[in-house]
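Those protein sequence lines, which keep their order, are chains A, B and C. Using numbering that gives the first Met the number 0, you'd call the opening residue of the first sequence number 0 and step up by one each time. Using numbering that gives the first Met the number 0, you'd call the opening residue of the second sequence number 0 and step up by one each time. Using numbering that gives the first Met the number 0, you'd call the opening residue of the third sequence number 0 and step up by one each time. The structure appears below as structure tokens.
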Amino acid sequence: MNAAAATVPSAGGGPFRAISTFLYRRPTFYLLLLLVPPLLWLGTVYLGTLFALLTQSIYSIDEFTAQIVRTPTFATYKQLITQPANLDIVTRTLTMAICVTLAAAFVAFPIANYMVRYASSRTKAIFYVAVLVPMWTSYLVKVYAWRLILAKEGILSWLFQAIGAQGVLDAILRLPAVGGPSLASSYLGMFIVFVYMWLPYMILPIAAALERVPASLIQASADLGARPGQTFRSVILPLVMPGLAAGSVFTFSLTLGDYIIPSIVGAPGYFIGMMVYQQQGTAGNIPLAAAFSLVPILLIAIYLSLVRRLGAFDAM
Amino acid sequence: MRRVPLASRLAAYAGLAFLHFPVVIIVLYAFTTEDRTYQFPPPGLTLKWFRLAFERSDMWAAMRMSLGVASIATLAALILGTLAALALARSRFPGKDTLTLLFVLPIALPGIITGIALLSAIKLAGLDPGFWTIVAGHATFCIVIVHNNVIARIRRIPASWIEASMDLGADGWQTFRAVLLPQVGTALLAGGMLAFALSFDEIIVTIFTSGHERTLPIWFFNELFRPRDRPVTNVVAVIVVAVTLVPIVLAYYLTRPAEERT
Amino acid sequence: MNAVEFREVARAFGTVRAVDRVSLTIEPGEFFAMLGPSGSGKTTCLRLIAGFDLPDSGEVLLEGRDVSSVPPYERNVNTVFQDYALFPHMTVLENVAYGPRMRRVSLAERSARAHEMLDLVKLRGFEGRRPAQLSGGQKQRVALARALINQPKVLLLDEPLGALDLKLREEMQIELRNLQRRLAITFVYVTHDQGEALSMSDRVAVFNSGRIEQMANARELYKRPRTPFVARFVGGANVAEGEIARKLGGSSQPFAIRTESVAVLAPNDAVSSGFVAADGTVLDVQFHGATCRWQVRLDAGDVFSATCNAGESARVPGHAGERVRLAWSREHMVMLESA
Chain A
0 MNAAAATVPS AGGGPFRAIS TFLYRRPTFY LLLLLVPPLL WLGTVYLGTL
50 FALLTQSIYS IDEFTAQIVR TPTFATYKQL ITQPANLDIV TRTLTMAICV
100 TLAAAFVAFP IANYMVRYAS SRTKAIFYVA VLVPMWTSYL VKVYAWRLIL
150 AKEGILSWLF QAIGAQGVLD AILRLPAVGG PSLASSYLGM FIVFVYMWLP
200 YMILPIAAAL ERVPASLIQA SADLGARPGQ TFRSVILPLV MPGLAAGSVF
250 TFSLTLGDYI IPSIVGAPGY FIGMMVYQQQ GTAGNIPLAA AFSLVPILLI
300 AIYLSLVRRL GAFDAM
Chain B
0 MRRVPLASRL AAYAGLAFLH FPVVIIVLYA FTTEDRTYQF PPPGLTLKWF
50 RLAFERSDMW AAMRMSLGVA SIATLAALIL GTLAALALAR SRFPGKDTLT
100 LLFVLPIALP GIITGIALLS AIKLAGLDPG FWTIVAGHAT FCIVIVHNNV
150 IARIRRIPAS WIEASMDLGA DGWQTFRAVL LPQVGTALLA GGMLAFALSF
200 DEIIVTIFTS GHERTLPIWF FNELFRPRDR PVTNVVAVIV VAVTLVPIVL
250 AYYLTRPAEE RT
Chain C
0 MNAVEFREVA RAFGTVRAVD RVSLTIEPGE FFAMLGPSGS GKTTCLRLIA
50 GFDLPDSGEV LLEGRDVSSV PPYERNVNTV FQDYALFPHM TVLENVAYGP
100 RMRRVSLAER SARAHEMLDL VKLRGFEGRR PAQLSGGQKQ RVALARALIN
150 QPKVLLLDEP LGALDLKLRE EMQIELRNLQ RRLAITFVYV THDQGEALSM
200 SDRVAVFNSG RIEQMANARE LYKRPRTPFV ARFVGGANVA EGEIARKLGG
250 SSQPFAIRTE SVAVLAPNDA VSSGFVAADG TVLDVQFHGA TCRWQVRLDA
300 GDVFSATCNA GESARVPGHA GERVRLAWSR EHMVMLESA
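What follows is the structure, given as structure tokens:
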């Protein structure tokens, strides 16, 4: 061993070493250096604009000139709450979001369960890809594909005809509320499309939660005398709950805000997203659009605070 | 191998079939000879719509616009998202939870809200919506995607690796290049590709921020309400699927944990 | 000149005082152990020497120079990590040659030095392997070679044997000790295993709640613990404090009595002068081969232990619930500082 000194001089370092040492001595400054650019971006482009939008909800629109009146008022909110049509829109959207969330959970669970617990590692990899590919396939193309499938002369009608069940389809379409002239212009059709669109967002968190349930726990439950159904209810379900909750945040939130799907597939009734879109666009009523935007934000905030207790944030 | 309940297997495969059914249908319809209705089964198959689609200069213009927007939005997201991930992965400071929430919000809140908020701000600021406003909107949610991908990977790197590197004489920059980058590189690549695919496909925010410009999804959306060109729409749908598919599958293979890769 | 010196070093995390105004000196060439339960501040002290953490106040000196704000890459100190921290994307040779590479040593020279180091830790032939292809003991040796290649003045070892099984751990203890003697480098060794600390090191600092309770060589620590904590943690001794100390020892000053100095007698056995007797009820008797360990709940309150040679314990039947009398000589009692 030669007699080196206790410290090594910073020789041959160059500017990078000098900067490294400077930042090493000022960890808070280093943290700020990293954080400031992304925060500045999200702060202005996202939070800033969101704030700008919400301020406009306390303005109102002059009915004759169609100009925005910039004096703070609750008139727009009053209009939002007192018009029964608006309330209908909120109820319709909320009902759809809840139904879609429940249905997505029911369809997603068996898929996630199979790929995590039963499939070989090879099959599992294939399943993951098979869930990811449709998830990331173009949103518009998928909606469009469903319009092809659900159309009056489309593949589903053809299928019902081919198996001689035309009557069943007609009966379904005659149902009040969910029915319509064709599947492509009914709430049922819209529901199917929503469930389809957000299904992968439900499968993946459930699968992730299932991956974290050790096999020994299920064996222990069986060892202690539980039947598969009992094990499911008292061991698997509680442990998978955070995943389910995380998935439901996506299905719920995505349904609440969507305006493309209801405008391509579905019945004539308005949804919150369409209302916001129309108010800022053709109607030119930015204050009302802003006030309407607050509705999904509030609903999602309420929903988030509910599912937070189920551990949704840990599973995201 | 455990005994697999038949019902479980059936339900799983039925679910997968449901997920892939529309994608298959789209491909089939791109070749149908029928050009007015959505008739099934197609009366005949043809390739002529592909030629027609490729001749549409407005489609190519929209495609170029989308590729340009996606490239720049991805680049911005890679830089800003990585910075945020590096800052938030391990540090502890008061208010960190709130900040973390900020990096989830753009994908947790509906896109329409991002869209209309941007639009009203653009109007307030007296800007002309166009290429750069589209990029600004896309970069916002692309940052979240990159941040999520990179932070997940950084958290899998033990702090002791960074310390060992500095202990052995590497400064911050050398450590970043020799230890951090080889570990985070694939996550960066994957996050970038996901961000690119997301931006390439985005419509909900884009409708608000695009002004008179047309990205490919907006072009496609307009085509939907013009039945005359339906076969061309079908063909473009297949092209869009093909363009987004490649980065997605690559991103998946890049981010799989090493032990599954074998 | 001291290899390492702490002057009133303090480091807090939030409201937790991880290191609470610690002063210590470590001599060149010394094998110095930092012993304590988890959360006692020993690892934080190690990290302060390495430079992974900076003190809130006080000074850390290496060879007399204040390094309180010198980054790790400019300290001539290297670390063997508890989880080894080998870089998974590099081969064994690349891992070992990492230090010289970062100091811009030529490829030929750093390879030669890395080979030399691998010889030293008996891992010739493993150059091309990845860390994932090594056993725990082999990883440990690579980590050691990697830390020694920069010829550090001080080698820091953070529970380096914690992940190994008992037999391998004992082999490595001997090997590390020999290596330290041969290289004559200062070793600072963090462990929570008192046996390991006592058997390997020249001096031991016993940590508790961010402070050093006692700093001494192994023999001294065992024979003359200064505080109740050291007596319990290092010697596994019986400690009487407060009221119980008064009842048994006659004053409120706490004292320790090692378990092998305590005899187990029948309840009414007479005790000669100079001895202390305490009656109690047997809780349990554990058989350890050569010895037996009695756990007795004293009527005075505490549970005391007694270690007897297995052959001697026949005098009293060792059943739980049995009444016994414990006795020890006053000469064997070690008076302690009150907490």
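In this text, a Cβ means the ideal position worked out from N, Cα and C, and glycines have one as well. Just so we're clear, the structure is a prediction, and the values are computed from it rather than from any experiment.
Spatial neighbours of residue i in its chain, beta-carbon cut-off 6 Å, leaving aside the 5 residues before and after
i         : result
Arg20(C)  : Glu7 and Ala9
Ile156(B) : Gln182
Thr97(B)  : none
Phe274(C) : Ala326 and Ser328
Gly256(A) : Gly272 and Pro295
Nearest-angstrom Cα separation, counted from residue j out to residue i
i         : j         : result
His331(C) : Arg181(C) : 39 Å
Ala96(A)  : Gly114(B) : 20 Å
Asp169(A) : Ala116(B) : 43 Å
Leu149(A) : Leu244(B) : 25 Å
Leu92(C)  : Ile259(A) : 58 Å
Gly161(C) : Asp298(C) : 39 Å
Val344(C) : Leu197(C) : Since the first residue of chain C shown is 0 and the last is 338, residue 344(C) is not available in this structure.
Cys44(C)  : Glu195(C) : 19 Å
Ser26(A)  : Leu197(B) : Residue 26(A) is actually Pro in this sequence, not Ser. Spanning the two alpha carbons is a distance of roughly 35 Å.
Leu298(A) : Phe5(C)   : 57 Å
Ile247(B) : Asn147(B) : 16 Å
Val95(C)  : Ala84(C)  : 12 Å
Thr75(A)  : Ile57(A)  : 7 Å
Val103(B) : Ser200(C) : 51 Å
Val248(A) : Val143(B) : 17 Å
Phe53(B)  : Thr281(A) : 33 Å
Gly14(B)  : Phe126(A) : 11 Å
Val235(B) : Leu46(B)  : 13 Å
Ala107(A) : Ile111(B) : 26 Å
Pro41(B)  : Leu18(B)  : 22 Å
Cβ-Cβ distance between residue i and residue j below 8 Å
i         : j         : result
Arg223(C) : Val76(C)  : no
Ala84(B)  : Ile150(B) : yes
Gly168(B) : Met89(C)  : no
Gln55(A)  : Ser119(B) : yes
Leu61(C)  : Val18(C)  : no
Val294(A) : Ile271(A) : yes
Val178(B) : Phe86(C)  : yes
Ile133(B) : Val68(B)  : yes
Leu163(C) : Gly135(C) : yes
Val323(C) : Pro253(C) : no
Leu30(A)  : Ala158(B) : no
Neighbourhood of residue i by C-beta, 7 Å cutoff - its chain only, sequence neighbours within 5 removed
i         : result
Leu282(C) : Gln294, Val295, Arg296, Val302 and Ala319
Ala187(B) : The sequence shown places Leu at residue 187(B), not Ala. Once the five neighbours on either side are set aside, the close Cβ partners of Leu187(B) are Leu77, Thr81 and Val149.
Ala88(B)  : Ile150, Ile153 and Arg154
Pro105(B) : Thr113, Thr139, Phe140 and Val143
Leu52(A)  : Ala289 and Ser292
Ile85(A)  : This sequence places Asn at residue 85(A); Ile is not what is there. Counting only Cβ-Cβ distances below 7 Å, and skipping sequence neighbours, we find Leu79.
Trp48(B)  : Ala29, Pro230, Val231, Asn233 and Val234
Thr73(B)  : Cys141, Gly191, Ala194, Phe195 and Ser198
Proximal residues to residue i (C-beta, below 8 Å), its chain only, five neighbours per side dropped
i         : result
Tyr276(B) : With chain B covering 0 to 261 only, the question about residue 276(B) has no answer from this structure.
Pro99(C)  : Glu108, Arg109, Arg112, Ala113, Ile148 and Asn149
Val275(A) : Tyr258, Ala288, Phe291 and Ser292
Val68(A)  : Tyr58, Ser59, Ile60 and Asp61
List in chain order: all unbroken alpha helix (DSSP H) runs of 4+ residues lying wholly within the region 114-195 of chain B.
130-155, 158-166 and 171-174
May I have a chain-ordered list of the beta strand (DSSP E) segments no shorter than 3 residues that lie completely inside the region 191-229 of chain A?
none
Listed from N- to C-terminal order along the chain, which residues in the region 172-186 of chain B have their beta-carbon within a distance smaller than 8 Å of any beta-carbon of chain C?
Gln173, Ala177, Val178, Pro181 and Gln182
Please identify, using Cβ separations under 9 Å, the residues of the region 59-76 of chain C that lie next to chain A, in order along the chain.
Leu60, Leu61, Glu62, Gly63, Arg64, Val66, Ser68, Val69, Pro70, Pro71, Tyr72, Glu73, Arg74, Asn75 and Val76
Note down, one range per segment and in chain order, each beta strand (DSSP E) of at least 3 residues found wholly within the region 280-321 of chain C.
290-297 and 302-308
Anything in the region 23-41 of chain A with a Cβ closer than 7 Å to a Cβ of chain C? List those residues in chain order, please.
Tyr23 and Arg24
Quick check for students: name the residue ranges of the alpha helix (DSSP H) that lie wholly in the region 57-100 of chain A, counting only runs of 4 or more.
74-81
Any residues in the region 151-170 of chain B with a beta carbon nearer than 8 Å to a beta carbon of chain C? Which ones, in chain order?
Pro157, Ser159, Trp160, Glu162, Ala163, Ser164, Met165, Asp166, Leu167, Gly168, Ala169 and Asp170
In chain order, what residues of the region 85-113 of chain C put their CB closer than 7 Å to some CB of chain B?
Among the residues of the region 85-113 of chain C, those with a Cβ less than 7 Å away from any Cβ of chain B are Phe86, His88, Tyr97, Gly98, Met101 and Arg102, in the order of the chain.
What residue ranges within the region 9-82 of chain C form continuous beta strand (DSSP E) runs of no fewer than 3 residues, ordered along the chain?
For the region 9-82 of chain C, whole beta strand (DSSP E) runs of length 3 or above, ordered along the chain, are 15-25, 30-34, 56-61 and 76-79.
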